[in-house]
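Terminal number for the sequence shown in the numbering used here: 325, no gaps in between.
Glycine is no exception: its CB is placed at the ideal position from the N, C-alpha and C atoms.
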Amino acid sequence: MRVLSLVSATITTALAGLAFVGLSVSALSALPSSDQRFLLSPDNPAFFEEYLSDHFRFSPHFAIVQPVGTRPVYKKDSHDRITDIEFLTASDEIVRQVTLRRPFGLEEPDTLTVRTFAQNSGVAADNFELAFEYAGYRERRRVAAYMMRTSRGHAFATPMRSAAGSYDLSVVPMGAHANFVLANAQPWDGKSIRIVPASSTGNV
Numbered sequence: 122m123r124v125l126s127l128v129s130a131t132i133t134t135a136l137a138g139l140a141f142v143g144l145s146v147s148a149l150s151a152l153p154s155s156d157q158r159f160l161l162s163p164d165n166p167a168f169f170e171e172y173l174s175d176h177f178r179f180s181p182h183f184a185i186v187q188p189v190g191t192r193p194v195y196k197k198d199s200h201d202r203i204t205d206i207e208f209l210t211a212s213d214e215i216v217r218q219v220t221l222r223r224p225f226g227l228e229e230p231d232t233l234t235v236r237t238f239a240q241n242s243g244v245a246a247d248n249f250e251l252a253f254e255y256a257g258y259r260e261r262r263r264v265a266a267y268m269m270r271t272s273r274g275h276a277f278a279t280p281m282r283s284a285a286g287s288y289d290l291s292v293v294p295m296g297a298h299a300n301f302v303l304a305n306a307q308p309w310d311g312k313s314i315r316i317v318p319a320s321s322t323g324n325v
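Printed below as a string of structure tokens:
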């Protein structure tokens, strides 16, 4: 991911707070309680951007990051939809698990839960919840907003369409006084599930 710019986020944070209120109740109710401390310098959101990029890629398309030295194992429901992705080592030790939660009757997930496990323990050492708000109710063609709830703090992200038709993603870490923008970040359609290696920085 590339940081496009750091800008004053006074107005952006206020808008994010209003938009956050509009997130669906089902999406937010799936988010567990977590430490409310923000391990982030208000003037240096690059720390959060680095943490974010260890879990997801947003540019040029939304993708789940595969930890180094692992392989993905997919679990599906009776409708052949992916419900969990486990990233395992060569010795079948679980390193990370991604769980997709869908509302009844809909295909697109409302939340992705990422649990990263401590080595040789099976105990989750890090949790990352990503909730989605879609454009449209039933059609849900693309994500209109992301709510991130993590062990490094919370953030709100909004895709912004340029005059040229491309999208950038404005990420506002809550409690910070600045945001950062990820360039060329197409909103997720809620359907295509891409996996990208942790070392990859190219197109996905």
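Whole angstroms is fine: what's the gap from residue i's alpha carbon to residue j's?
i	j	result
residue 200	residue 222	14 Å
residue 224	residue 195	20 Å
residue 264	residue 227	14 Å
residue 272	residue 249	7 Å
residue 314	residue 177	11 Å
residue 153	residue 268	Note that residue 153 scores a pLDDT of 43, beneath 50, so its modelled location is shaky and nothing firm can be said.
residue 174	residue 257	28 Å
residue 243	residue 209	12 Å
residue 296	residue 167	14 Å
residue 293	residue 198	34 Å
residue 283	residue 307	11 Å
residue 319	residue 288	23 Å
residue 212	residue 187	16 Å
residue 309	residue 183	6 Å
residue 205	residue 239	19 Å
Do residue i and residue j have their C-beta atoms closer together than 8 Å?
i	j	result
residue 277	residue 285	no
residue 245	residue 232	no
residue 311	residue 270	no
residue 169	residue 274	yes
residue 219	residue 235	yes
residue 181	residue 300	no
residue 214	residue 241	yes
residue 316	residue 185	yes
Once the 5 residues before and after residue i are set aside, which same chain residues still bring their CB inside 7 Å of it?
i	result
residue 291	133, 278, 279, 281, 300 and 302
Going along the chain, which residues of its own chain have a beta-carbon closer than 6 Å to the beta-carbon of residue i, five neighbours each way excluded?
i	result
residue 229	261 and 311
residue 247	237 and 272
residue 172	273
Determine, for residue i, whether the minimum Cβ-Cβ distance to residues of chain B falls below 8 Å.
i	result
residue 244	Of the protein chains in the structure, only one exists, and it is not chain B.
Start-end ranges of the beta strand (DSSP E) lying completely within the segment 171–216, minimum 3 residues: List check, beta strand (DSSP E) in window: 184–187, 192–197 and 203–209.
Contact the segment 242–257 vs the segment 185–195: 3+ CB pairs below 8 Å: A contact is defined here as three or more CB-CB pairs under 8 Å, and the segment 242–257 fails this definition with respect to the segment 185–195.
Uninterrupted beta strand (DSSP E) stretches inside the segment 297–322 (no shorter than 3 residues): The qualifying runs are 299–303 and 316–318.
Length at least 4, wholly inside the segment 214–242: the alpha helix (DSSP H) runs in chain order: Taking only runs of at least 4 residues, no alpha helix (DSSP H) segment lies wholly in the segment 214–242.
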